[in-house]
Amino acid sequence: MSMFISMFSRSAIALIICGISFLGAAAQCPPRPAAGTVVQDALSLYSQNGVLNAGFNMGYSVDTFGYTHYCYKYDASGVIVEAPTLRLNPGDQLVLGVKDSIPSPGPSAMSGMDMSAPAGARCSDGGAATLQSTNVHFHGLNVPPICHQDDVLTTLIQPGAPPFQYSIQIPTTEPPGLYWYHPHVHGFTEFQVNGGAAGALIVEGMEKYRPEVAGLTERVFVVRQQYLVPWVPGPYELTINYQVTPSHGDPAIPIIQMRAGEKQFWRVANATLQDFMPLQVTLDGVPQPLELIALDGYPLATPRMQTTILIPPAGRAEFIVPAFPATTSPQFGTLAYSTGPTGNQDFAQLLANIQVNSNASAKKLVAKPAVSASPATALKFAGLKEATVTANRKLFFSEEFGGTNGPIQFYVTVDGQKQQVFQANEKPAITTHVGAVEDWTIENHALETHAFHIHQIHFMMLEVDGKPVPNQDLRDTIEIPYWSGTGPFHSVKVRMDFRDPTIAGTFVFHCHILLHEDLGMMHKIEVLP
Ligand SMILES: [Cu+2]
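For the sequence shown, our numbering assigns the number 61 to the initial residue and increments by one for each residue that follows.
Here you go:
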């Protein structure tokens, strides 16, 4: 998307870079792991007696190579660590205080699209959204879109304000699996996710639904992405658990350790800005069979063997990696992915070398309890397949070049409505009500692949390009391939479940290429009680 650079003046870019000099030491992110070292999981924070109580401090710094780092800092008994993994059981409460310590004036004094809600409807500090404002979206959690829970439309945490308290009850029927948290201030999401502000959240109990994982060593890998200058596509690098992968020139390769003869349960979050990742584990160049257990934090009805697992930006995949003999040298990486004529280039990338040891160097990270005697209860969205559909809708992604509003505009549009970018004060593009079950067909009219995401609920996959899918997985983010310029548009048809009264309220659906979201490829949906 090289055209895009012209939207931003060189002075604006210089201003962003100049911001480095404004930094105070207190805001700095902790050092990241050295390249070519053993990949470590993030610190896990566990709920106790049904509550996980924690505090994050949002910081910012620029590393010696010029990459900006935003970071969720957590004080672990005097040691500052980044983005711990939050672990909760269904029914638990997450009490999370978030303080904004992004320096002000920080990376730039730019103030962008004002997402502030009308006076009286604001949560937290209000005011205008700037590069220094933040908030938190709990991606995938099926929880209310209201103040102090998973609201991104009216929640703004401003620098220096007292910590903002999130208090979220994890539903008792929440699917066990991998979720993630990240900032979601419209206009600035890419900036803050760029280089680091993202972490994993796990709802425990996968072994109750997928006993295949019971007793396995578990690893949590968060793949992030950083641009030298966010908003300006150019050099970028991927990181795995904050360790830089060999993106440009640096030959050091992260190391994942496994014991010889040991299967492992990997939980991988795509926390990149825009990267579609077809993941593989290879041995001597041959893709190995991976047993896919869950997608987007929802256990599959039946596990399936795949040699390639595609996760769009913001998607998650949980799978069992086969055992390898000692002295073999498997590798973990992502293939290149074509996002179309106007899309970003998603390169093939080695993420880690797997070191298979006969000794016990790879410790068992989580001692999984034996499979619980308590029966697995029905999860959220149970019975959706058989539910009566109350409405059908069609939406489409599109892009416009050379329009009056700039060189390029990104739209997601409800069929029959006018193409327009997201506005903070817009009326919801879709209004529905609690109890509705809707089938949405989402087309892509652009020459670029987009990633559809809706907050608050998962949706059931029904069709791709008009053909029923073999596996009706529950997803919260799905890729919709680009239009080649001729022939029919690609589409997915999904079933939306608005039956749960706790998700009543106003929330958003958008493209999860974060630049697109920031530029308005998003709209509101209101679910009336
Ligand atoms: Cu997009």
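For each residue, glycine too, the CB sits at the ideal point set by N, CA and C.
For D135, the number of other beta carbons within 10 angstroms of its own is below 16, and it is reported as exposed.
Annotation: the continuous alpha helix (DSSP H) that includes Y269 extends over 266–269.
The beta carbons of L146 and L105 sit closer together than 8 Å.
Comparing alpha carbon positions, the residue from C89, L156, K454, E278 closest to S107 is L156.
The three-state secondary structure of F441, taken from DSSP, is coil. Every residue whose Cβ sits closer than 5 Å to any heavy atom of ligand 1 is listed here in chain order: H510, C571, I573, H576. Between V568 and the set M581, Q225, E234, the nearest pair of CA atoms involves M581.
The bridge partners DSSP lists for I538 are F512. Under the three-state reduction of DSSP, A451 is assigned to strand. The beta carbons of Y127 and A257 sit about 13 Å from each other, so the pair does not count as a contact at 8 Å. By a beta-carbon distance limit of 8 Å, V99 contacts I300. Their separation comes to about 6 Å. Boundaries for F336: no alpha helix (DSSP H) harbours it, and the DSSP string shows neither H nor E there.
Sequence-distant Cβ neighbours of I540 in its own chain, meaning closer than 8 Å and more than five residues away, are F457, I502, E503, N504, T509, H510, A511, F512, H550, S551, V552.
In the DSSP assignment, V253 falls within the alpha helix (DSSP H) that extends over 249–253. Contact annotation: A331 and W240 have beta-carbon atoms nearer than 8 Å. For L288, the three-state secondary structure derived from DSSP is coil. With a cut-off of 8 Å on Cβ pairs, the region 483–497 is in contact with the region 559–567, counting three or more such pairs. Among the bridge pairs identified by DSSP, G393 is matched with Q340, L410. In this model, F441 and R559 are separated by some 9 Å (Cα to Cα).
In terms of Cβ geometry, L574 and Q334 form a close pair [threshold 8 Å].
With respect to P372, T537 sits close: the two C-beta atoms are nearer than 8 Å. Taking 4 residues as the shortest admissible run, the region 461–488 contains no complete alpha helix (DSSP H) segment at all.
For T367 against P349, the beta-carbon gap comes to about 6 Å, under 8 Å, which counts as contact. Each of D123, Y269, G247, E351 was checked against the Cα of Y302, and the nearest Cα belongs to D123.
Around the C-beta of Q340, 16 or more other C-beta atoms lie within 10 Å, and the residue is accordingly described as buried. The three-state secondary structure of T97, taken from DSSP, is coil. In this structure, DSSP gives P528 an extended state, which the three-state scheme calls strand. Assigned with DSSP and collapsed to three states, L213 falls in coil, not helix or strand.
Excluding sequence positions up to five before and after Q479, its CB lies within less than 6 Å of the CB of Y471, T473, all in the same chain and listed in chain order. Exposure of T448 is indicated by the presence of fewer than 16 other C-beta atoms within 10 angstroms of its C-beta. Judged by DSSP secondary structure, D578 falls within the alpha helix (DSSP H) whose first and last residues are 574–578. For D160, the enclosing beta strand (DSSP E) covers residues 153–160.
Linking Y542 to Q286 through their CA atoms gives a straight-line distance of about 24 Å.
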